[in-house]
Each structure stands twice: as C-alpha cells, then as structure tokens.
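Engineer: Sequence order for the protein chains is A and B.
For the first sequence, the positions run 0 to 306 when numbering that gives the first Met the number 0 is used.
For the second sequence, the positions run 0 to 312 when numbering that gives the first Met the number 0 is used.
We put the beta carbon where it would ideally sit given N, CA and C, even for glycine.
Treat the numbers as computed from the prediction; the structure is a model and nothing was measured.
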Amino acid sequence: MAQAAPVAQPDVELTYEVPEQVTLLTDAWRRIRRNRLALVGLVIIAVLFIVALISIFWTPYPTWLQAVGPTYQPPSAAHPLGLDQAGRDILSRIMGGALITIQVGIGSAIILSAIGIPLGLLAGFYRGKVDTVVSFFINIWYGIPDLLVALILVFVLSDALHLIPRGVFVIIVAFSLTRWMDMARLMRGQALALREREFVEAARMSGARDFALLFRHIFPNALGPIIVQATFAIPAAVLFEAFLSFLGLGLPPPTPSWGAMAADGYHGMDFAPHIVLAPTIALSITLMAFNWVGDGLRDAFDPRMRR
Amino acid sequence: MRGTLLYIGQRLVLIAVTTVLVSSIVFILLHQIPGNAFLNETRTSPEALAADLRHYGLDKPLPTQYVAWVSGVLHGNLGESLVNRGVMITPLLIRETSVSFTVGFFAILITIGVGLLLGVVAALRQNTWIDYGASSAAVVGYSIPNFVIAIFMLLIFGHYFYDWTQGTVFYNVGWGDWTQIPVPAIALGLPYASYVARLTRASMLETIRTDYVRTAWAKGLKARIVVLRHALRNALIPVVTILGPLITGIITGSVVIENIFGIPGLGKEFVQSILARDYNIVIGVFTFYAALVGLANLTVDVIYPALDPRIRY
C-alpha cells in the first residue's frame with residue numbers, strides 16, 4: 000500500500016481509528032457487564048442495600064422483641080423464617096443484620112483506605128526514611144495474626160478502657176487498624192511506579208506542588224487497584240464482625256448480628272436448625288456476592304484482560 | 000548451604016524481635032486497663048488483695064512489670080494464670096499447642112490435598128463439566144466462613160448421622176479419640192482449599208502450555224510423570240507463596256473451630272481467657288501465636304528454593 004501511494008499526493012485520505020474517550024468507571028462497567036458472576040453479585044448487593052434501608056424504617060417485628068410467639072418455632076406463614084430461642088422473629092433480625100453488615104463492611108473499607116492510602120502514598124512518593132518506617136510496620140504487621148490483634152483491640156477499647164462503646168464503630172476501628180497494610184502496600188507500589196512516569200515528571204516540571212502531584216496525578220491513576228482492594232476489604236470486615244459476634248466478643252445482644260444469631264442457634268441446632276441456617280446462609284451469600292464483584296472488578300481493571 | 004543457615008539465623012532473630020514487639024503491644028494494651036485484674040472478684044480483705052497483687056508483681060510500676068515480662072519471655076517463662084493460681088502458662092500452652100497443631104496439620108493436609116487435586120484436574124480437563132464443577136465449587140467455597148462449614152458439619156455428622164445410624168456412626172464433640180480429628184480438620188481446612196484450587200488451576204493452565212511440557216508429552220513419557228514431575232512441580236511455585244497467609248488463616252480459624260468442637264487447644268484457651276479476663280494467658284497465647292506464624296513463614300521460605308532452584312538467598 001505504502002509503496003503504491005505516490006509521494007507527492009496532496010490529500011491522502013487517512014482514517015485513524017480514534018478510540019472513544021471513556022472514564023475509568025465506564026470502562027470498567029462495560030467489561031464487568033460481561034462477567035455474569037459479578038452481575039449476580041451486584042444484584043445480591045443491591046438487594047442487601049434495599050433490605051438494610053427498609054430495616055431502618057420497618058421490620059415485621061422489632062428486632063429485639065422477645066416472645067412474639069413460641070420459642071424455637073419453625074418457619075410458618077406468620078414468621079417466614081421462624082422464631083429463635085427467645086421467641087424473636089428471625090426475618091426481622093436478618094433484615095436488621097443486613098444493616099449492620101453494610102455498616103461494618105462499607106465503614107471498614109472507608110477507614111482502612113483512609114489509613115492505608117496516605118501512608119502508602121507518602122512511602123512510595125518520598126521513599127527514603129518515610130518508606131523505611133512505613134515498610135517496617137507493614138512487614139511486622141504481616142507476621143502476626145491480624146484478626147486476633149483486632150479481637151484484642153475491640154476488647155481493650157470497649158470493655159476495658161470504655162473508650163468506644165461496644166458496637167459497630169469499635170469493630171470498624173479495630174479491623175481497620177489491623178488491616179490497613181494491604182492497602183498501604185498496594186498504594187506504595189503504585190506510587191513508586193507512577194512517580195517515575197512522564198506525566199508526573201511533566202507536572203513536576205510545570206511547578207506542581209507535592210500535594211497536587213500526590214492527589215491529582217498519582218492517586219487518581221491508581222484508583223482501579225484501590226477500588227478492587229477496598230471491595231475485597233468489605234467481605235473481610237463482614238466476616239470479622241461475624242467471627243467476633245459468633246464468639247460472643249463482638250456486638251452485644253440483642254444486636255441482630257448474623258454472627259451472634261448463628262451462635263444463638265448453635266445451641267439448639269439439634270431440634271431447631273432453622274435458627275442457625277438463616278444467618279449462616281445470609282452471611283455466606285453476602286460474602287460470596289462481594290467476592291464475586293471484587294473478582295469481576297479486578298478482571299475489569301486489569302489491563303492484561305483488556306481485549 | 001552456609002548462606003541458607005545464615006539466612007535462617009537472621010530470620011530467627013527477626014522472629015524473636017517481632018514476637019516480643021507484637022506481644023509488647025498486647026501487653027501494654029492490656030495493662031492500660033484501669034484498676035487491676037482482680038477488680039471484678041470479691042476478695043475477703045484488702046490484705047488478701049494486696050497479697051495477690053504482690054504475688055503477681057502487679058503492685059510494681061508498669062515499666063518494672065514490663066521488663067520482668069520481657070525477660071521472662073526471653074527465658075521461655077510466660078508467667079502464671081491470674082484465674083487459676085499456680086498454673087504456669089508456658090507448659091499449659093505447650094500442651095495446648097500440640098493439640099492445635101494436630102488439628103491444624105490435618106487441616107493443612109486437607110487444604111492442600113483437596114485444593115491441588117481439584118485444581119490439577121480442573122486444569123487438565125479444562126472446559127469440561129469437571130472443570131466447571133470444580134471451579135464453581137471453588138467460587139462458592141471460598142466465601143463460606145469456616146464456622147459456617149463447622150456448624151453444617153456438626154449438624155450433619157453430629158446430629159443427622161446419629162439419627163440415621165441409630166447412634167453407631169457419628170461425630171462426638173470433644174477431644175481424645177483419633178476419630179474426632181477429621182471433622183474439625185475438614186471444617187478448618189476446606190474454605191482455604193478453594194483458594195489453593197483456584198491458584199493451582201490458573202498456574203497449571205499456564206504450565207501445561209509450555210514448550211517443555213509439550214516436549215515431555217512428545218517424548219512419550221507417561222502421563223503421570225508429565226503431570227506430576229514436569230507440570231505440577233512448576234505449577235506449585237505460586238501455590239507455595241500463599242502457604243504463609245494460609246497458615247495464619249488456619250491459626251485464626253482454629254480460634255473459632257476449637258470453640259465450636261470443644262477442642263482443648265490454643266484457640267479455645269485464647270477465647271476462654273479473654274472471657275475470663277485472665278490477661279496473663281491472653282498475652283501468653285498471643286506470644287505463642289506470633290512466634291508460630293513467624294516460624295511457619297520461615298519454614299515456607301526455606302521450602303521454597305527446594306521447589307524452585309532459581310531462587311537463592
């Protein structure tokens with residue numbers, strides 16, 4: 000073709016394929032749409048949000064109200080999921096539990112990012128001493144069973160020191176304080192790589208301050224992996240809350256935590272398995288949905304998967 | 000060889016430092032608690048309380064207590080139980096570690112065994128119903144918490160099996176008989192098996208497409224040799240990297256599993272002593288956990304170059 004074209008021809012008809020300008024999120028959405036599991040996960044999460052919203056204003060019975068019927072009553076028309084060992088309506092408590100689950104999950108993802116992202120940004124951008132200190136803490140923290148530190152933190156902060164009342168917030172704080180390293184490590188790696196890129200160099204040349212470099216140039220370009228990491232923090236936090244409450248070290252009764260409900264039902268499992276089944280199934284489905292969406296997002300943001 | 004020993008030595012020092020550092024955090028946190036460990040108990044007289052405080056060294060200032068505790072840890076002495084006077088913590092925890100280790104060991108065997116098997120089979124039979132079955136099982140499995148699996152297994156093996164077999168074959172909660180090992184070990188290990196399966200499948204798929212595996216097939220080697228010696232050995236390398244987090248997960252998981260199945264191990268002790276406010280044991284168990292996780296990670300890092308000779312220290 001090129002050989003056949005005369006050199007001096009004035010108007011050569013050149014057609015470029017101009018790629019359409021799309022934002023990160025639009026692009027990710029287009030690709031996640033093709034991932035059926037992730038879509039199912041999104042639908043489940045949407046349902047969870049709706050149920051949680053409804054539970055703020057209305058549940059069939061108050062979540063704490065005991066003896067609305069005979070204790071251990073199996074599912075019936077009036078109580079679709081049955082009643083628990085104290086005669087509380089399980090459907091109402093599952094709905095209330097959805098709200099707790101969302102609070103714990105989203106809250107932890109936000110606070111953990113608020114700790115991990117600045118630390119990682121600073122370590123990766125300034126390197127040197129800052130990096131040495133941050134990386135030291137990251138490495139130490141990786142060598143310990145973090146959930147067990149979080150468990151002790153909840154206990155110390157709320158029961159022993161009475162700093163934060165035992166509730167959703169203390170669980171979010173304890174979880175975030177022990178799980179920020181994944182986010183920090185990710186952000187550090189991204190910052191280390193991005194700070195050498197031409198566009199950051201160009202911004203620096205044109206006199207951008209460090210703050211602008213960090214938050215206008217480096218951070219937005221790492222947004223994809225950050226969103227993926229934050230998404231996976233949600234099921235981890237939800238699981239942590241359930242784990243604590245199941246052991247009786249989490250949310251105090253009568254909070255309708257799914258973990259605590261599973262622990263309640265665990266003792267009457269022989270003759271009333273419905274009490275333990277409802278919260279454990281709800282919990283498993285929720286964790287699955289968030290994991291699927293996380294997997295979908297990871298594939299969607301992964302440049303290697305771009306086709 | 001000398002390099003490896005030096006490396007192991009350095010790591011051991013680092014593990015000791017980390018263990019002391021991390022349990023110091025827990026020590027300091029727990030000693031921030033106002034009042035004293037016996038606040039909720041009724042003592043007959045202030046003299047008795049003072050005698051108890053003196054016995055445990057709790058009447059001394061915190062820095063003195065801390066120094067005494069650190070030197071105790073370095074000498075392998077974790078102190079005495081606050082609730083059960085006279086019970087020394089180190090021998091107690093060593094005994095409990097052996098119980099936890101038994102369950103954890105079988106759990107890891109199950110995780111790796113089931114995970115590798117599912118992953119390899121799924122990769123070799125890619126895009127067949129076996130692959131889809133194994134992959135869907137993995138996709139569902141890694142979201143189900145171990146305590147949920149534990150509850151379901153207890154329901155099935157403890158309750159329904161009892162009914163079906165008229166009480167001849169069933170799982171009984173507790174510890175002491177080898178038949179009581181499999182159920183908790185499966186509950187503990189199974190959720191992580193799906194991680195291993197996903198990882199194995201992905202790395203096997205890459206490996207079986209490499210030239211040297213094709214050569215191995217072309218030479219007419221037996222399938223067993225090609226799969227196990229050529230493909231799997233290289234596919235294992237990424238899998239080994241998650242052994243460290245896996246062991247941490249198994250240790251954390253054992254906390255809830257041991258409480259569900261009534262296994263007298265470290266995890267049960269941990270929760271029970273938090274509930275009983277026996278802070279000395281809480282700190283002791285935590286010190287054990289930190290050391291165990293460090294040693295487990297070290298073991299993994301030492302095994303790693305045995306699988307992959309390209310890695311040297």
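Could you give the C-beta distance for Ser99 (chain B) and Leu265 (chain B), rounded to a whole number, given that I count them as a contact under 8 angstroms?
Structural biologist: Mapped onto the second sequence, residue 99 (chain B) falls at position 100. Mapped onto the second sequence, residue 265 (chain B) falls at position 266. Their Cβ separation, rounded to whole angstroms, is 5 angstroms, which keeps Ser99 (chain B) and Leu265 (chain B) in contact under 8 angstroms.
Engineer: Answer with yes or no whether the minimum CB distance from Ile88 (chain B) to chain A is below 9 angstroms.
Structural biologist: Here residue 88 (chain B) refers to the residue found at position 89 of the second sequence. False, the Cβ-Cβ gap to chain A never drops below 9 angstroms.
Engineer: What's the gap between the Cα of Phe105 (chain B) and the Cα of Ser253 (chain B)?
Structural biologist: In the second sequence, the residue the question calls residue 105 (chain B) occupies position 106. In the second sequence, the residue the question calls residue 253 (chain B) occupies position 254. Whole-angstrom Cα-Cα distance: 12 angstroms.
Engineer: Hey, Asp209 (chain A) and Gly115 (chain A): beta-carbon distance below 9 angstroms or not?
Structural biologist: For this step, residue 209 (chain A) is matched to residue 210 along the first sequence. For this step, residue 115 (chain A) is matched to residue 116 along the first sequence. For Asp209 (chain A) and Gly115 (chain A), no; Cβs fall outside 9 angstroms.
Engineer: Which residue comes first and which comes last in the alpha helix (DSSP H) that contains Ser142 (chain B)?
Structural biologist: Against the second sequence, residue 142 (chain B) aligns to sequence position 143. Segment: none, Ser142 (chain B) is in no alpha helix (DSSP H) and carries neither H nor E.
Engineer: Taking C-beta to C-beta, are Val39 (chain A) and Ala277 (chain A) nearer than 9 angstroms?
Structural biologist: Locating residue 39 (chain A) in the first sequence gives position 40, where the first residue counts as 1. Locating residue 277 (chain A) in the first sequence gives position 278, where the first residue counts as 1. Going by C-beta atoms, Val39 (chain A) is not nearer than 9 angstroms to Ala277 (chain A).
Engineer: Pull up the distance between the alpha-carbon of Ile27 (chain B) and that of Tyr161 (chain B), whole angstroms please.
Structural biologist: One-based indexing of the second sequence puts residue 27 (chain B) at position 28. One-based indexing of the second sequence puts residue 161 (chain B) at position 162. Ile27 (chain B) and Tyr161 (chain B): Cα-Cα distance of roughly 48 angstroms.
Engineer: Under DSSP, the alpha helix (DSSP H) around Asn279 (chain B) begins and ends at which residues?
Structural biologist: Within the second sequence, residue 279 (chain B) is the residue found at index 280, counting from 1. 278–306 is the extent of the alpha helix (DSSP H) around Asn279 (chain B).
Engineer: Excluding the 5 residues preceding and the 5 following Ala202 (chain A) in the sequence, name in chain order all residues of the same chain whose CB lies nearer than 8 angstroms to its CB.
Structural biologist: Here the question's residue 202 (chain A) lines up with position 203 in the first sequence. Once the five neighbours on either side are set aside, the close Cβ partners of Ala202 (chain A) are Ala211, Leu212, Arg215, His216.
Engineer: Looking at the structure shown, is Gly175 (chain B) part of a helix, part of a strand, or coil, going by DSSP?
Structural biologist: As a position in the second sequence, residue 175 (chain B) is number 176, starting the count at 1. If DSSP states are grouped into helix, strand and coil, Gly175 (chain B) belongs with coil.
Engineer: Under 9 angstroms between the Cβ atoms of Arg87 (chain A) and Gln65 (chain A)?
Structural biologist: In the first sequence, residue 87 (chain A) corresponds to position 88, counting from 1. In the first sequence, residue 65 (chain A) corresponds to position 66, counting from 1. Contact: yes.
Engineer: Would you identify the three-state DSSP class for Gly82 (chain A), choosing helix, strand or coil?
Structural biologist: Mapped onto the first sequence, residue 82 (chain A) falls at position 83. Going by the sequence as given, residue 82 (chain A) is Leu instead of Gly. The answer is strand: DSSP assigns Leu82 (chain A) an E or B state.
Engineer: Taking the Cβ atom as the reference point for each residue, do Leu248 (chain A) and Ile273 (chain B) lie within a distance shorter than 9 angstroms?
Structural biologist: Locating residue 248 (chain A) in the first sequence gives position 249, counting from the first residue. Locating residue 273 (chain B) in the second sequence gives position 274, counting from the first residue. Yes, the pair counts as a contact, with Cβ atoms nearer than the cut-off.
Engineer: My understanding is that Ala162 (chain A) touches Leu156 (chain A), with C-beta atoms under 8 angstroms, so please give their C-beta distance in whole angstroms.
Structural biologist: The count along the first sequence starts at 1 and reaches residue 162 (chain A) at position 163. The count along the first sequence starts at 1 and reaches residue 156 (chain A) at position 157. Correcting the residue type first, residue 162 (chain A) is Leu in the shown sequence and not Ala. That belief holds up - the Cβ atoms of Leu162 (chain A) and Leu156 (chain A) are roughly 5 angstroms apart, short of 8 angstroms.
Engineer: Using beta carbons (cut-off 9 angstroms, strictly below), is Gly247 (chain A) in contact with chain B?
Structural biologist: In the first sequence, residue 247 (chain A) corresponds to position 248, counting from 1. Yes, its Cβ sits closer than 9 angstroms to a Cβ of chain B.
Engineer: Do you know how far the Cα of Ile43 (chain A) is from the Cα of Phe156 (chain B)?
Structural biologist: Locating residue 156 (chain B) in the second sequence gives position 157, where the first residue counts as 1. Locating residue 43 (chain A) in the first sequence gives position 44, where the first residue counts as 1. Cα-Cα distance, rounded: 31 angstroms.
Engineer: Compare the C-alpha of Ser193 (chain B) against each of B:Ala137, B:Val226, B:Leu91, B:Leu48 and name the closest.
Structural biologist: For the purposes of this step, residue 193 (chain B) is taken as residue 194 along the second sequence, with counting starting at 1. Minimum Cα distance to Ser193 (chain B) is reached at B:Ala137.
Engineer: Which bits of chain A does Leu153 (chain B) rub up against, with CB to CB less than 9 angstroms?
Structural biologist: Against the second sequence, residue 153 (chain B) aligns to sequence position 154. Residues of chain A passing the Cβ test: Tyr265, Met268.
Engineer: Using a Cβ-Cβ distance under 9 angstroms, would Leu70 (chain B) count as near chain A?
Structural biologist: Taking the second sequence and counting its residues from 1, the one referred to as residue 70 (chain B) is at position 71. Here the sequence assigns Ser to residue 70 (chain B), which means Leu is not the residue at that position. So no, Ser70 (chain B) is outside the interface.
Engineer: Taking Cβ positions only, does Phe56 (chain A) come closer than 9 angstroms to chain B?
Structural biologist: The count along the first sequence starts at 1 and reaches residue 56 (chain A) at position 57. No, its Cβ sits nowhere closer than 9 angstroms to a Cβ of chain B.
Engineer: Between Val25 (chain B) and chain A, is any beta-carbon pair separated by less than 9 angstroms?
Structural biologist: Taking the first residue of the second sequence as position 1, residue 25 (chain B) is located at position 26. Taking Cβ atoms only, chain A reaches closer than 9 angstroms to Val25 (chain B), which makes this a yes.
Engineer: Within its chain, find whatever has a CB closer than 8 angstroms to the CB of Phe102 (chain B); leave out the 5 residues flanking it on each side and keep chain order.
Structural biologist: In the second sequence, the residue the question calls residue 102 (chain B) occupies position 103. One point to set straight first is that residue 102 (chain B) is Val, not Phe, in the sequence displayed. Around Val102 (chain B): Ile180, Pro183, Ala184, Leu187, Ser253, Ile256, Glu257, Ile262, Gly264.
Engineer: When you compare the CB positions of Ser283 (chain A) and Ser142 (chain B), do they come within less than 9 angstroms of one another, or not?
Structural biologist: Position 284 of the first sequence holds residue 283 (chain A). Position 143 of the second sequence holds residue 142 (chain B). Yes.
Engineer: Given a cut-off of 9 angstroms on the beta-carbon distance, is the pair Pro73 (chain A) and His273 (chain A) in contact?
Structural biologist: To locate residue 73 (chain A), count along the first sequence from 1; it is residue 74. To locate residue 273 (chain A), count along the first sequence from 1; it is residue 274. Contact: yes.
Engineer: Which residues mark the beginning and the end of the alpha helix (DSSP H) in which Pro224 (chain A) is found?
Structural biologist: Residue 224 (chain A) sits at position 225 when you count from the first residue of the first sequence. Residues 222–246.
Engineer: Could you pull out every unbroken alpha helix (DSSP H) segment of at least 4 residues lying fully inside the segment 47–93 of chain B, listed in chain order?
Structural biologist: For the segment 47–93 of chain B, whole alpha helix (DSSP H) runs of length 4 or above, ordered along the chain, are 61–73.
Engineer: Could one say the Cβ of Pro272 (chain A) lies closer than 9 angstroms to chain B's Cβ atoms, at least one of them?
Structural biologist: One-based indexing of the first sequence puts residue 272 (chain A) at position 273. Interface residue, yes.
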